[in-house]
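Chemist: Chains as they are written, first to last, in my numbering: chain A, 1 to 533; chain B, 534 to 1066.
#1: Inspect the CB distances between the segment 196-209 of chain A and the segment 229-238 of chain A and report whether three or more fall short of 8 Å.
#2: List, in chain order, every chain B residue whose beta-carbon is nearer than 9 Å to that of residue 503 of chain A.
#3: With a threshold of 16 other CB atoms inside 10 Å of the CB of residue 640 of chain B, please say whether the residue is buried or exposed.
#4: Where DSSP assigns a beta bridge to residue 472 of chain A, which residues make up the other side?
#5: Relative to the alpha-carbon of residue 358 of chain A, which residue among A/155, A/59, A/17 and A/501 has its alpha-carbon at the smallest distance?
#6: So, are the CB atoms of residue 627 of chain B and residue 645 of chain B less than 8 Å apart?
#7: If you scan the segment 560-631 of chain B from start to end, which runs of the beta strand (DSSP E) of 3 or more residues do you find wholly inside it?
#8: Provide the residue(s) that pair with residue 368 of chain A in DSSP beta bridges, ordered along the chain.
#9: If you reduce the DSSP assignment to three classes, tell me which class residue 880 of chain B lands in.
#10: Taking just the CA atoms, how far does residue 353 of chain A sit from residue 254 of chain A?
#11: Under the rule that 16 or more other beta-carbon atoms within 10 Å means buried, what is residue 598 of chain B, buried or exposed?
#12: Is the shortest distance between the beta-carbon of residue 858 of chain B and the beta-carbons of chain A less than 8 Å?
#13: In this structure, does DSSP put residue 172 of chain A in helix, strand or coil?
#14: Please confirm whether residue 435 of chain A has its beta-carbon closer than 8 Å to some beta-carbon of chain B.
#15: Using a 10 Å radius around the Cβ and a threshold of 16 neighbouring Cβ atoms, would you call residue 488 of chain A buried or exposed?
#16: List the endpoints of the continuous beta strand (DSSP E) containing residue 292 of chain A.
#17: Using CA atoms only, rank isn't needed, just tell me which of B/799, B/928 and B/756 is closest to residue 777 of chain B.
#18: Tell me which residue opens and which closes the beta strand (DSSP E) that residue 251 of chain A is part of.
#19: Residues of chain A with CB under 7 Å from residue 698 of chain B, in chain order?
#20: Where does residue 472 of chain A land, buried or exposed, given buried means 16+ other C-beta within 10 angstroms?
#21: Answer with buried or exposed for residue 299 of chain A, where buried requires no fewer than 16 other C-beta atoms within 10 angstroms of its C-beta.
#22: Are the Cβ atoms of residue 337 of chain A and residue 382 of chain A separated by less than 8 Å?
#23: What whole-angstrom Cβ distance do residue 997 of chain B and residue 942 of chain B have, given they're in contact under 8 Å?
#24: CB-CB under 6 Å to residue 211 of chain A, same chain, minus the five flanking residues each way: which ones, in chain order?
#25: Evaluate residue 270 of chain A with the Cβ neighbour count: other Cβ atoms within 10 Å of its Cβ, from every protein chain shown; 16 or more gives buried, anything less gives exposed.
#26: Going along chain B, which residues have a C-beta under 8 Å from residue 515 of chain A?
#27: Starting from residue 654 of chain B, trace the alpha helix (DSSP H) both ways and give me its first and last residue.
#28: Note down, in chain order, every chain A residue with its Cβ under 9 Å from the Cβ of residue 894 of chain B.
#29: By how many angstroms is the C-alpha of residue 478 of chain A removed from the C-alpha of residue 80 of chain A?
#30: Could you give the distance in angstroms between the alpha-carbon of residue 662 of chain B and the alpha-carbon of residue 648 of chain B?
#31: Since residue 841 of chain B contacts residue 1007 of chain B with CB under 8 Å, what's their CB separation in whole angstroms?
#32: DSSP three-state call for residue 795 of chain B: helix, strand or coil?
#33: Residue 785 of chain B touches chain A at which residues, Cβ-Cβ below 8 Å?
#34: Roughly how many whole angstroms lie between the Cα atoms of residue 607 of chain B and residue 837 of chain B?
#35: With a 10 Å radius around its C-beta and 16 neighbouring C-beta atoms as the bar for buried, classify residue 660 of chain B as buried or exposed.
#36: With distances taken between CB atoms, is the gap from residue 532 of chain A to residue 578 of chain B smaller than 8 Å?
Pasting the structure below:
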């Protein structure tokens, strides 16, 4: 297996030549003529199944048969499936930090057993899964209570970045479903920011005596999380509560938080599960199991595991994550689009774009290859998004009529989660939601001519659509793993290490300088004086 | 006064020539050498005062004295202040819809009285302000009660786009401040999406008998809002409540919602206040006055009015909104950065970037000039953002080490809103928050060399900083008006109409086709079949 910079591959030149042959469209950019190309036949044909009943529709993407062949060639030439298998088998894929990358193993075992120093890491993950599921059951059965004897009604996660965005997005994604399905056990809240107003506000509005806190920090050294832990413990003590009976920890076995009597219990992950990929580990599992029950978290894991298995397919037309990844590379490197919008037509996915923003931008926002050498092509795009239809009344103006082209990733479901709807003008709101989504795809692709240039829509805005019956634990797992695997495949194409984040370090170093008063840079000192009382 | 396309102005060529002379920096892009340029003296010098005690620091922006002179020349040549004055005086600045643009008048009167058909529009806005303030007082005094006799504890706004994002962002921005200051009167909730799960969830978690709804739709025809109105009314009726005693309307005088006995009262705006600029009108004013009291909303308006007055200054070094606008144009058109991130170091501003995203992208995401002719230069950038420090643990990786350069807009305050903090390792969390912010500015600007290319930070990432003592109603008004005026000035530079949104229309038309079953396009029909049960 070879690791080659993207622009050194023979297929790179072929793709560039192919892009150069494309005619400029009404949008002003080289692309395909969607008005001619996008018809019912293509919509029916360009669908790739995903896990848990979801489907990936790419009819409105700027690829034709020839492009698909080249992308398949790229997948083969860059050995994307072989690299995925190597990752599953425990090869060191986080080259910078010299670590394995094993988040897939937190929800299934598709490769060979990963053994290190005689320890089977899959067994370790499964043991922790069983432990935190048992713990959640015990809380639900009332075996643990607050230090004044109250049953827990609220779980509050203290964590930042990957310990916050993913778990929060998933909790919000399932909250309505769980309420309707009678699976809602505890309310969940989240404290992340070092801004003291964040913790203060959550604490002020939560029933402390009935609250169980989850402290999440893999290293046990995250500045924000440790400050917020002490903030919370101070409030617990002032309320006459025993913090050690109101807090569990999720951390690594080597962290200062591990096996510490300050916590009711501790659950473990390791360095092979990166923060932004930790939602299917104890980082997401504790809070989701406590909120909805372990069986709901289990369904979520099953959906993710099924998606991971589908991602092994060498045929890009049968591998949605791989196809999505390759189309994204085509858009980024050959159509030269610097951003992608994620637009779920589901209020439950309100924070899912923020999680994908981290997952994608932190993974592939890199300018060196996996060996630490500079590269000469674009890598990860800027990711942003908000739920539709809200976004339609906001930033879609630029998407339709701006001077740049933003590729779009739509997500939609046939059914609502709460089954609580109203008929207005002969249709329910869920139908209106779906009608808007269908309309947007076609409007972006085909545009509209007009004598009045202000009412002209150039079209040529490519989009894909992930759709399914309903947002459930299993389909959410499928959705999450789809994007994780998409980002992984793109990292392989670009030959970057998608699993470290050295870009966060310099800020930490300079923050310490400010806090110690040893600035070492007069501009840093000057800014500190502007901002600190 | 002349309206000229940007690329036809003599100064456009000068700016382009100046940019072409800049050397490539370590970031690989033409720019300035921040390591040499950014020092304490520059930090002290490059500060422009804003309203309500805020300041705009632009030391870490990629402009030197020569660039500032050219930008001043641009401001003069494109007659930006004269155009602003014309707008204030009631000239038709929304050329597409042939409307005046009068949101400034909802918080002050800087121009001549705007009279139309004998009606003084400023008087109209002031009359409505007085009316909804009186209404809020009456609610607080218990003069209005729910139909079962309960005092109102909750206000729920039903609106979408500008009727949702701005009011919601402002409510969240002031909620903690108001609680701490003893000004919190009512809880506020928001229903926006046509996704029925949105309304259903808000209704299920709100005390209906104590809830007052605000229905906000200028036209009275917004599909999402009307569906949600009927959704809510159905729930009120099922709860045995009289909807007409639980709902007020904010609309235009000519809408079907006006003077309608279905509402407890109605408050009016007109076509001269665009949705995304309506936060300082009844659209934001009703909910904020009900939540925090009219005097708090009044302080907010004063901060905005003061900012509007400062924006009249012809000297760009004394006009923060104008300077910010011009630097943004420099970045967009000459340094060729296609996006901007908004990064408030304040959890209270968690939804402020989403509001700015609408304000900016919907205003300047245009590809024709104000006369409806195609233009040949870039207009509004993609705007995205999340609060720091959260973002540091998320997408900042790409901002620091990605292949593209994203200009940054930081916002920070010296004091928290809730005055509830903890000392850990010799500093309070608010100090840590500020230290992180100072550190990021310098890290982005100066970067860091390293033998290990993976730990190298190219720097050259420009940022500006808006800072002040505390986020209060007045400073929030200043902040909002700053960005509104910045976007306005950029629209003048680009010679576009920043006040219409024709880009939302095609989706509405196609949605109607789907809902009527007269698709007129087989791809539209095919997508609808995928998405509708």
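All residues carry an ideal CB built from backbone N, CA and C; glycine is no exception.
Modeler: Inspection of the coordinates gives the following:
#1: At 8 Å Cβ cutoff, the stretches touch.
#2: Using a Cβ-Cβ cut-off of 9 Å, residue 503 of chain A is close to 929, 930, 931, 932, 933, 934, 935 and 990 of chain B, given in chain order.
#3: That one is buried.
#4: Per the DSSP secondary-structure output, residue 472 of chain A pairs with nothing in a beta bridge.
#5: It is A/501 whose Cα lies nearest to the Cα of residue 358 of chain A.
#6: Going by C-beta atoms, residue 627 of chain B is not nearer than 8 Å to residue 645 of chain B.
#7: At a cut-off of 3 residues, the continuous stretches assigned as beta strand (DSSP E) that sit fully inside the segment 560-631 of chain B are 580-582 and 588-590.
#8: According to DSSP, which records beta bridges pairwise, residue 368 of chain A is partnered with A/374.
#9: Residue 880 of chain B falls in the helix class under three-state DSSP.
#10: Taking the straight line from one Cα to the other gives about 32 Å.
#11: Classified as exposed, residue 598 of chain B has fewer than 16 neighbouring CB atoms from the shown chains inside 10 Å of its CB.
#12: For residue 858 of chain B, the answer is no, since every Cβ of chain A falls outside 8 Å of its Cβ.
#13: In the structure shown, the three-state DSSP call for residue 172 of chain A is helix.
#14: With a threshold of 8 Å between beta carbons, residue 435 of chain A makes contact with chain B.
#15: Burial of residue 488 of chain A is indicated by the presence of at least 16 other C-beta atoms within 10 angstroms of its C-beta.
#16: Careful: residue 292 of chain A lies outside any beta strand (DSSP E), inside the alpha helix (DSSP H) at 282-292.
#17: The candidate whose alpha carbon is nearest that of residue 777 of chain B is B/799.
#18: Run containing residue 251 of chain A: 247-252, per the beta strand (DSSP E) assignment.
#19: Think of a sphere of 7 Å around the beta carbon of residue 698 of chain B: the chain A residues whose beta carbon falls inside it are 394, in chain order.
#20: With 16 or more other Cβ atoms within 10 Å, it is buried.
#21: Residue 299 of chain A should be labelled buried.
#22: No, the Cβ-Cβ distance between residue 337 of chain A and residue 382 of chain A is not below 8 Å.
#23: Going by Cβ atoms, the distance from residue 997 of chain B to residue 942 of chain B rounds to 6 Å, so yes, they are a contact pair.
#24: If we look at residue 211 of chain A and ignore the five residues flanking it on each side, its Cβ neighbours are 154 and 156.
#25: Looking at its Cβ environment, which holds 16 or more other Cβ atoms inside 10 Å, residue 270 of chain A is buried.
#26: Within 8 Å Cβ-Cβ: 958, 959, 960, 964, 965 and 968.
#27: That run of the alpha helix (DSSP H) goes 654-673.
#28: Using a Cβ-Cβ cut-off of 9 Å, residue 894 of chain B is close to 394, 395, 396, 397, 398, 399 and 402 of chain A, given in chain order.
#29: A straight line joining the alpha-carbon of residue 80 of chain A with that of residue 478 of chain A spans about 20 Å.
#30: About 18 Å.
#31: Cβ atoms of residue 841 of chain B and residue 1007 of chain B stay farther apart than 8 Å, at about 13 Å.
#32: In the three-state scheme derived from DSSP, where H, G and I count as helix and E and B as strand, residue 795 of chain B is classed as coil.
#33: Within chain A, no residue comes near residue 785 of chain B; the closest Cβ sits about 17 Å away, beyond 8 Å.
#34: Taking the straight line joining both Cα atoms gives about 25 Å.
#35: Under the 10 Å beta carbon count, residue 660 of chain B is surrounded by fewer than 16 other beta carbons and is classified as exposed.
#36: In this structure, the beta-carbon distance from residue 532 of chain A to residue 578 of chain B does not fall below 8 Å.
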